[in-house]
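Quick look at the structure:
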């Protein structure tokens, strides 16, 4: 739980409400100084051989491995993320650092077919200074990707972790910075004002967070001529087709809706269920929600809980019904129960906007085509899930859904290294995989021709 008073951030444990830390907000002068150090270090870091940059990342990954339990415990205290899930995020971050350490040295350009006596090349190079603005819901795993890709390709970085987990974010970045030359990775604590000051002074902004902030970053990058790599909000649909096992589908829906208290970028945000199995699916989903009650952590803070409950309460007032949950519990912290809503209509905010909480709003539809049509009618484009036994339906759906990632019959499935481009209000650019190295570099075309009368 986080509050900002004057020039200080106060972080509260979302389970108990106790103070975890008070962190000063970086001043404008501190922001400018960090940008200046990163800018000064950029030419030298760009000249470091790729293998040496990769070795630094490998060393950093080893340091993070040694500190994994510490990082997970910090994450749990700041955001309420269950300790096992927090440790899983750290482990994922370690793997990502190693991945980019391996990919960096083999990132390559191309040669072109020109004249016999000339050489034509397309050569990737670092863009310069990158501002990396990371979220609170998986701070180590997300930061590892953006920092790793930016650093291994020769960029310098100014990193601002989320104000909701400044201790976790700073500690992770410090472990990396210890293996890098001075100025190559600068770290700033602060709120949105710090992020806004960074955006105007860099060559790339890599941001994972809300769509509202992402749109503001995109506008400023367009003005300043910087590149924006954005993964922003999502309103991910889940389609439940006829002829699937209702209990299995409910387990998938519950996992997508309730894991990490619904605070995952690709959480299930709205469910479209075929009328033929709706009764059995809903009964099973209620059972799943009640089972999740025992293992659900809190929301990140009470401000987030107010947002989640606000959408739920609006839906209930407009005619939806809660089969379970839907009320703010008594007691300390920022807990909210797994909630299943029925009778939801397309105009409700809980169906049209990102909730980012443990709420499963269900809309019963007459057939699969209606489910796909309603899933498409949205302002976001991050991910979607389709549960179906009909491979024709699966093929039609993944082609039709205007999102970056489509998962068929596995709500959190996917091979490592996948790199999707979010669409609409969900962002732009590749945020993962080898393609992220392309985002962090710019390609220069080089033509080398001998002078007239020169030796050939």
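Numbering (this note's numbering), first residue to last: 10 to 465. We treat Cβ as the ideally placed atom computed from N, Cα and C, and that holds for glycine.
For residue 220, the CB contacts under 6 Å within the same chain, skipping 5 residues up- and downstream, are 241, 242, 434 in chain order. In the assembly as shown, residue 115 is an exposed residue. Its beta-carbon has fewer than 16 other beta-carbons within 10 Å. When DSSP reads this structure, residue 168 sits in a beta bridge with 141, 196. Shortest Cα-Cα distance from residue 448 to any of 264, 188, 61, 158 involves 158. A Cβ-Cβ distance of about 7 Å is found for the pair residue 372 and residue 383, placing them in contact under the 8 Å criterion.
Note that the C-beta distance between residue 420 and residue 349 is not below 7 Å.
Contact between residue 193 and residue 54 holds, with the beta-carbon distance rounding to 5 Å and staying under 8 Å.
Taking C-beta atoms under 8 Å as the contact rule, residue 41 and residue 77 fail to qualify, at a distance of about 34 Å. One alpha carbon belongs to residue 70, the other to residue 112, and they sit about 14 Å apart. Residue 200 and residue 22 have their C-alpha atoms some 18 Å from each other. Within the same chain, Cβ atoms closer than 8 Å to the Cβ of residue 337 are found at 314, 318, 345, the five residues on either side in sequence being excluded. Rounded to the nearest whole angstrom, the C-alpha separation of residue 166 and residue 311 is 32 Å.
Note on residue 343: 16 or more other CB atoms within 10 angstroms of its CB, so buried under the neighbour-count rule. Note on the stretch 319 to 347: whole beta strand (DSSP E) runs with a minimum of 3 residues are 330 to 333, in chain order. When 151, 248, 176, 291 are compared, the shortest CA-CA separation from residue 352 is found for 291. Residue range 279 to 283 is occupied by the beta strand (DSSP E) that includes residue 282. By the Cβ criterion, the stretch 250 to 266 is in contact with the stretch 276 to 285, since at least three pairs of Cβ atoms, one from each stretch, lie closer than 8 Å. Within the stretch 226 to 288, the runs of alpha helix (DSSP H) at least 4 residues long that lie entirely inside it are, in chain order, 255 to 267.
Rounded to the nearest whole angstrom, the CA to CA distance from residue 102 to residue 148 is 9 Å.
Nearest to residue 427 by C-alpha distance, out of 418, 443, 417, is 443. In the displayed model, residue 26 falls within coil according to three-state DSSP, outside both helix and strand. Between residue 72 and residue 187, the beta carbon gap of about 7 Å places them in contact (Cβ cut-off 8 Å).
Secondary structure of residue 216 (DSSP, three-state): strand. Counting only the Cα atoms, residue 145 lies some 16 Å from residue 93. In terms of Cβ geometry, residue 208 and residue 195 do not form a close pair [threshold 7 Å].
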